[in-house]
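A.B. asks: So the number in my numbering is just where the residue sits in the sequence shown, counting from 1, plus 65.
Supplied in structure tokens, the structure appears directly below.
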Amino acid sequence: SPQKKNRAYNNLLKWYRAFENNLPEAEEFLRPLILNPDENYSVACWASAHAFGLGILTKESVNLFEEILTKYENDELKTLEARWNHISAEVFLDRYKKGEKTKFY
């Protein structure tokens, strides 16, 4: 329902704002998600996108997105979900290369 989605979004926003106020904690939380992607890369993409928004773990996030794009180009991503992640990787790398800031609210 729309109410549940609004509550979920508000909860995510609270976490994101808490991360903004404590970047070392945000790095500690997001780093293992970025450096140890599962085989579909979805969680790692999510973590990298948020790291970009926070201005942290940029090198790690760029490396992850480049890895995804290379694997996509080499047809090494087997699941549909994994293949969809190349779209996120392209968008965030493009924004990064243009110097655009990622904002989540």
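Ideal Cβ positions, reconstructed from N, Cα and C, are used throughout, including at glycine.
All of these numbers come straight from a predicted model, not from anything done at the bench.
#1: Assuming Ala114 and Phe157 are in contact, meaning their beta carbons sit under 8 Å apart, how far apart are those beta carbons, in whole angstroms?
#2: Mapping the DSSP letters down to three states, classify Tyr106 as helix, strand or coil.
#3: For Ile99, collect the residues of the same chain with a Cβ closer than 8 Å to its Cβ; drop the 5 residues on either side in sequence, then sort them by chain order.
#4: Taking the alpha helix (DSSP H) that Leu158 belongs to, which residues open and close that run?
#5: Assuming Lys79 and Gly118 make a contact with CB atoms under 8 Å, what is their CB distance in whole Å?
C.D. replies: Working from what's here:
#1: 6 Å
#2: coil
#3: Ala109, Ala112, Ser113, Ala116, Leu122, Glu125, Ser126 and Leu129
#4: Leu145 to Lys162
#5: Contact flag wrong, Cβ pair sits at about 15 Å.
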